[in-house]
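One structure is given below, encoded as structure tokens.
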Amino acid sequence: MPTSPEHTSDVSSIVPLPSGVISAGQLQSDGTVWVLSGDAAVKTLSQIDLGAKRTSQTVGVSSDALAVAQSSTGVLALGLGTATAGAVELMNGSTAEVTDTVAVGAPVRALAFGADGVTLYVLDGTAASASVTVINTSTDMVVSTLGVPADAVGVVPDPTQTSIWTVEQSGNVEQTSLQSTKAIQQLPIDGAGIALAIAPTGGTLFVLKGNPTVSNIAVISTATDSIERVLAAAAGSVGLVSAMSGTTLYDVVGSPTFGNIQAISLAAGE
15 MPTSPEHTSD VSSIVPLPSG VISAGQLQSD GTVWVLSGDA AVKTLSQIDL GAKRTSQTVG
75 VSSDALAVAQ SSTGVLALGL GTATAGAVEL MNGSTAEVTD TVAVGAPVRA LAFGADGVTL
135 YVLDGTAASA SVTVINTSTD MVVSTLGVPA DAVGVVPDPT QTSIWTVEQS GNVEQTSLQS
195 TKAIQQLPID GAGIALAIAP TGGTLFVLKG NPTVSNIAVI STATDSIERV LAAAAGSVGL
255 VSAMSGTTLY DVVGSPTFGN IQAISLAAGE
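First residue of the sequence shown: 15, per the working numbering; consecutive thereafter.
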């Protein structure tokens, strides 16, 4: 599992991942994270022990898999998409055994769990439109759907689960109320959006932007709605994962020939 060169941010560790990384779930309390990787024909989920820097287990999944997420309570979700249809497979977080499948309105682009460990936010869409489907994973039922910008590529809920943030390829992040389903605000990020993460306190958004060759991470204060600083990101960055401690941000890196996850040290309580 070759890795890419270290970038210029304050990287405290680099853990090798399989080549062709597509998406990564939330870091768990035991130091493991599930990673989706592969190509159009063959895809796998790998459980990575970041402390030991090794793969704990690997499970084959559908070639239609496009995104993975895991809740704080251990529920594993795999987003699927064909040319016209989408679904979410809900899995046992220890074994990746499928327990149920929930259909959504379009191919899945991104997934994120809420702080309650139960509610799953599914960004799905086509070239013409996109929406966020909200799933209660305790009942495996869709509870609501709200429209978002058609070019949205990433989603995270705020810790109170009263609104969601999406990032767009056109270069904005947008906050949308889950009560009114209306946009609250839109902020420019000076680059094409790739993915985003939110600090456990909700005070900071981390937005990955740019392209596969050159990208960086905008650190946005949700109190001032402004970019406070910009961190360098590795070539081939595809996603971000915020540690539960709030002191580390993980840059998920992948291409057909390499994969890794890089830990970026942040100020305490960022």
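Every residue gets a Cβ at the ideal spot worked out from N, C-alpha and C, and that includes glycine.
Nearest CA to the CA of residue i: which residue from the options?
i, options, result
"Lys196", "Ser184, Ala206, Thr180", "Thr180"
"Asp138", "Ser77, Gly131, Asp130, Ala166", "Ala166"
"Gly216", "Ser60, Gly224, Thr174", "Thr174"
"Gly74", "Thr96, Asp24, Thr151, Gln61", "Gln61"
"Ala129", "Val170, Gly250, Ile36", "Val170"
"Met258", "Thr87, Val49, Ser251, Gly268", "Thr87"
"Asp114", "Ala213, Val156, Val29, Trp48", "Val156"
"Asp204", "Ile275, Ser184, Asp63, Ser177", "Ser184"
"Ala55", "Ser77, Lys67, Gln42", "Ser77"
"Thr2", "Ala213, Ser143, Ser251", "Any question about residue 2 goes unanswered here, given that the chain covers just 15 to 284."
"Gln193", "Val148, Ala164, Met105", "Val148"
"Pro214", "Ala237, Thr176, Asp172, Glu188", "Asp172"
Do residue j and residue i count as a contact pair if the criterion is CB distance below 7 Å?
i, j, result
"Pro270", "Gly34", "yes"
"Asp154", "Val116", "yes"
"Ser229", "Ala247", "yes"
"Ala302", "Leu222", "Here the chain comprises residues numbered 15 to 284, so residue 302 is not present and cannot be evaluated."
"Val162", "Val136", "no"
"Ala277", "Ser85", "no"
"Gly65", "Gly39", "no"
"Gly273", "Leu31", "yes"
"Gln200", "Asn186", "yes"
"Thr227", "Ala206", "no"
"Gly224", "Ser37", "no"
"Ile178", "Thr190", "yes"
"Ser256", "Asp265", "no"
"Val29", "Ile275", "yes"
Sorted by chain position, which residues of the same chain lie with C-beta nearer than 6 Å to residue i's C-beta, five sequence neighbours on each side aside?
i, result
"Ala120", "Gly100, Asp138, Gly139, Thr140"
"Ile241", "Ala232, Ile234"
"Gly168", "Ala124, Val181, Ala209, Leu210"
"Gly283", "In this prediction, Gly283 scores a pLDDT of 47, lower than 50, which makes its location untrustworthy; the coordinate-derived value is nonetheless stated afterwards. Correct list, in chain order: Gly260."
"Ser70", "Gln61, Asp63"
"Val267", "Ser18, Ala248, Gly250, Ser251, Asn274"
"Ile212", "Val170, Leu219"
If I measure Cβ to Cβ from residue i and keep anything under 7 Å in the same chain, skipping five residues before and after, which residues do I get?
i, result
"Arg243", "Val233"
"Leu280", "Thr261, Thr262, Leu263"
"Asp24", "Ile278, Ser279"
"Gly107", "Gln84, Gly88, Val89, Leu90"
"Ala110", "Leu59, Val73, Leu90"
"Ser145", "Gly119, Asp138, Gly139, Thr159, Leu160, Gly161, Val162"
"Pro19", "At Pro19 the pLDDT is 35, less than 50, meaning the model places this residue with poor confidence and gives no usable figure here."
"Leu245", "Ser23, Asn230, Ile231, Val233, Ile278"
Enumerate in chain order the residues of its own chain whose CB-to-CB distance from residue i is below 8 Å, with the five nearest sequence positions on each side excluded.
i, result
"Asp239", "Gln199, Leu201"
"Thr58", "Pro32, Leu50, Ser51, Gly52, Thr72, Val73, Gly74, Val75"
"Val132", "Ser85, Thr87, Val89, Asn150, Thr151, Ser152"
"Leu94", "Ser76, Asp78, Ala79, Leu80, Gly100, Ala101, Val102, Glu103, Pro121, Val122"
"Thr176", "Ser191, Leu192, Gln193"
"Met105", "Val89, Leu90, Ala91, Leu92, Glu111, Val112, Thr113"
Would you check if the stretch 75 to 85 and the stretch 121 to 129 touch, i.e. whether three or more CB-CB distances between them fall below 8 Å? yes
Enumerate, from N- to C-terminal direction, the unbroken beta strand (DSSP E) stretches of 3 or more residues contained entirely within the stretch 107 to 164. 112 to 118, 122 to 127, 133 to 139, 144 to 150, 155 to 162
Threshold first: 3 residues or longer. Then list the beta strand (DSSP E) segments lying entirely within the stretch 162 to 218, N to C. 166 to 171, 177 to 182, 186 to 191, 197 to 202, 207 to 212
Residue ranges of each beta strand (DSSP E) run of no fewer than 3 residues wholly in the stretch 24 to 60, ordered along the chain? 25 to 30, 35 to 38, 46 to 52
Which ranges would you report for the beta strand (DSSP E) in the stretch 61 to 94 if only whole runs of at least 3 residues count? 68 to 75, 79 to 84
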